[in-house]
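Student:
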Amino acid sequence: MKTFIVLILITLIVGGCGMSNENNSVYPSEMNANELPDVPAFQDEFTSEFLQSVDPVKSGYYPFRSGTESFTMSFPEDFTIDKRSYNVGPENNSEFISMSQTDERKEAFVNHRIDYINYMSDPENSRERMRNSSGQKLEFEEINTDFKNQHLEVAEYESGPFSVIATLIWNENNNQGITIFSDIDCREDLNENQCLKAKDTQRESIMDMIKSIQFSTIEESE
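Structure below.
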């Protein structure tokens, strides 16, 4: 009899833990606004739809999955996605995301323009398109990535007041590709040295974000 009671108690405890885990797996888009972190990424309703959890992957970054479910990344908490320019192509074969910072107190601001395509025939063709789009002779440098069969390259250039980081990411297994142009601009009241320092800080944050981008496998995205 005692053994039977103990088994019932264990079942209740394990079952209770399972229920607790299920309750904690609610997506941010399903939560009330007052339950979300008080940061721009969650306070913007459209942006919060892409975020997978209110638990940060590291300080200042939250788990993001693209609308086509084709890639994930660590999303900076002080950015929002522009709903008006967001676009998904037929059969999820492409996706465009424009995301920017909204805090006017920052010394430097960043805008990312992210283009995903589900088939990249040749990385060199993509490099040429990026050169033509920017009007620059971009010299790409390969950056080490933690993700198997995935490649990351960046090139930097100046365009008027903007410092720009051009990023190319591709997967050699299924030929997925992402191109990103990240524009960095300074507040008008900064002097040259202050602006350079502020841009360097933003450059580090940009690299943190693009290094976190990982393509989903075909099975995961279906």
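In numbering that gives the first Met the number 0, the protein residues as written are 0 to 221.
Glycine included, each C-beta is placed from N, C-alpha and C at the ideal position.
On a predicted model such as this, the values are computed, not experimentally measured, just so you know.
Taking the straight line between their C-alpha atoms, what separation do you get for Ile212 and Ile113?
Tutor: As a first step, residue 212 is located in the sequence shown; it is residue number 213 there, counting from the start. As a first step, residue 113 is located in the sequence shown; it is residue number 114 there, counting from the start. Going by the C-alpha atoms only, they are around 11 Å apart.
Student: Using DSSP bridges, identify the partner residues of Pro75.
Tutor: On the sequence shown, residue 75 is found 76 positions in, with the first residue counted as 1. Answer is Tyr60, bridged to Pro75.
Student: Grab me the residues of Val56's own chain with a C-beta within less than 7 Å of its C-beta, minus the 5 sequence neighbours each way, in chain order.
Tutor: Along the sequence shown, one-based indexing puts residue 56 at 57. Only Pro62 and Ser73 meet the Cβ criterion.
Student: Suppose contacts are defined by Cβ-Cβ distances below 9 Å. Is Ala165 in contact with Phe146 by that definition?
Tutor: In the sequence shown, the residue the question calls residue 165 occupies position 166. In the sequence shown, the residue the question calls residue 146 occupies position 147. Against a cut-off of 9 Å, the Cβ pair of Phe146 and Ala165 comes out as no contact.
Student: For Leu50 and Pro27, I'd like the C-alpha separation in whole angstroms.
Tutor: Taking the sequence shown and counting its residues from 1, one reaches residue 50 at position 51. Taking the sequence shown and counting its residues from 1, one reaches residue 27 at position 28. Each residue's Cα considered, the two are about 7 Å apart.
Student: Write down every uninterrupted run of the alpha helix (DSSP H) in the stretch 93-177 whose length is 4 residues or greater and which is fully enclosed by it, in chain order.
Tutor: You should have 122-133.
Student: To which residues of the same chain is Gln42 closer than 8 Å at the C-beta, ignoring the five residues directly before and after it?
Tutor: Your numbering for residue 42 matches position 43 in the sequence shown. Here the set comprises Ala32 and Leu35.
Student: What are the partner residues of Leu50, as DSSP defines its beta bridges?
Tutor: Taking the first residue of the sequence shown as position 1, residue 50 is located at position 51. According to DSSP, which records beta bridges pairwise, Leu50 is partnered with Phe63.
Student: For the alpha helix (DSSP H) containing Pro39, name the first residue and the last one.
Tutor: Within the sequence shown, numbered from 1, the residue matching residue 39 stands at position 40. Run containing Pro39: Pro39 to Gln42, per the alpha helix (DSSP H) assignment.
Student: Alpha carbon to alpha carbon, how far is Asp184 from Glu127?
Tutor: Your numbering for residue 184 matches position 185 in the sequence shown. Your numbering for residue 127 matches position 128 in the sequence shown. C-alpha separation (whole angstroms): 25 Å.
Student: Looking at the unbroken alpha helix (DSSP H) that takes in Met30, where does it start and where does it end?
Tutor: As a working mapping, residue 30 is identified with position 31 in the sequence shown. Met30 -> no alpha helix (DSSP H), and no H or E assigned at all.
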